[in-house]
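Worksheet: one structure, shown below.
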(Lines of atoms letter the chains of each structure in order from A and count residues from 1; the text may use other names and numbers.)
(Lines give C-alpha, C1' and ligand atoms only; values in the text may rest on other atoms or scores of the structure.)
Protein backbone atom coordinates (compact mmCIF):
# COMPACT_ATOMS: atom_id res chain seq x y z
CA UNK A 1 0.00 0.00 0.00
CA UNK A 2 2.88 2.39 0.73
CA UNK A 3 4.16 1.93 -2.84
CA UNK A 4 0.77 2.84 -4.28
CA UNK A 5 0.45 5.91 -2.07
CA UNK A 6 3.97 7.10 -2.95
CA UNK A 7 2.96 7.73 -6.58
CA UNK A 8 0.20 10.01 -7.81
CA UNK A 9 -1.79 11.90 -5.19
CA UNK A 10 -4.36 9.35 -4.10
CA UNK A 11 -6.37 9.20 -0.97
CA UNK A 12 -5.42 6.42 1.46
CA UNK A 13 -9.13 5.81 2.11
CA UNK A 14 -9.69 5.11 -1.59
CA UNK A 15 -6.86 2.57 -1.68
CA UNK A 16 -8.08 0.97 1.53
CA UNK A 17 -11.65 0.74 0.21
CA UNK A 18 -10.49 -0.88 -3.03
CA UNK A 19 -8.31 -3.37 -1.17
CA UNK A 20 -11.10 -4.25 1.27
CA UNK A 21 -13.62 -4.72 -1.52
CA UNK A 22 -11.29 -7.06 -3.42
CA UNK A 23 -10.40 -9.11 -0.35
CA UNK A 24 -13.98 -9.39 0.89
CA UNK A 25 -15.53 -10.13 -2.48
CA UNK A 26 -13.14 -12.88 -3.57
CA UNK A 27 -15.26 -15.61 -2.01
CA UNK A 28 -18.70 -14.09 -2.70
CA UNK A 29 -21.14 -14.82 -5.52
CA UNK A 30 -20.97 -12.18 -8.26
CA UNK A 31 -24.18 -10.37 -7.30
CA UNK A 32 -23.03 -9.98 -3.69
CA UNK A 33 -19.53 -8.94 -4.77
CA UNK A 34 -20.97 -6.22 -7.01
CA UNK A 35 -23.15 -4.89 -4.18
CA UNK A 36 -20.10 -4.81 -1.91
CA UNK A 37 -18.11 -2.90 -4.53
CA UNK A 38 -20.97 -0.41 -4.86
CA UNK A 39 -21.04 0.05 -1.08
CA UNK A 40 -17.30 0.83 -0.95
CA UNK A 41 -17.14 2.94 -4.12
CA UNK A 42 -20.18 5.19 -3.76
CA UNK A 43 -18.66 7.61 -1.21
CA UNK A 44 -15.55 7.90 -3.40
CA UNK A 45 -17.62 8.70 -6.48
CA UNK A 46 -19.08 11.67 -4.62
CA UNK A 47 -15.70 13.15 -3.68
CA UNK A 48 -14.28 16.43 -4.94
CA UNK A 49 -11.42 14.52 -6.58
CA UNK A 50 -13.88 12.35 -8.52
CA UNK A 51 -15.61 15.47 -9.82
CA UNK A 52 -12.25 17.03 -10.69
CA UNK A 53 -11.23 13.87 -12.56
CA UNK A 54 -14.33 14.03 -14.75
CA UNK A 55 -13.87 17.76 -15.39
CA UNK A 56 -10.19 17.30 -16.25
CA UNK A 57 -11.00 14.45 -18.64
CA UNK A 58 -13.69 16.46 -20.43
CA UNK A 59 -11.41 19.50 -20.64
CA UNK A 60 -8.48 17.30 -21.77
CA UNK A 61 -6.14 18.57 -19.07
CA UNK A 62 -4.26 17.03 -16.16
CA UNK A 63 -6.29 16.74 -12.98
CA UNK A 64 -5.62 18.97 -9.99
CA UNK A 65 -6.38 16.59 -7.15
CA UNK A 66 -6.50 17.58 -3.50
CA UNK A 67 -7.14 14.24 -1.80
CA UNK A 68 -10.69 15.28 -0.86
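Residue numbers (the working numbering): 31 to 98.
Glycine included, each C-beta is placed from N, C-alpha and C at the ideal position.
Where do the ends of the alpha helix (DSSP H) carrying residue 41 lie? Element bounds for residue 41: n/a, residue is neither H nor E.
In whole angstroms, what is the alpha-carbon distance linking residue 66 and residue 46? 14 Å
Cβ-Cβ separation, residue 78 to residue 98 (assumed contact under 8 Å), whole Å: 5 Å
The alpha helix (DSSP H) that contains residue 85, what's its start and end? 78 to 88
Straight-line gap, residue 48 to residue 59 (C-alpha atoms, nearest Å): 18 Å
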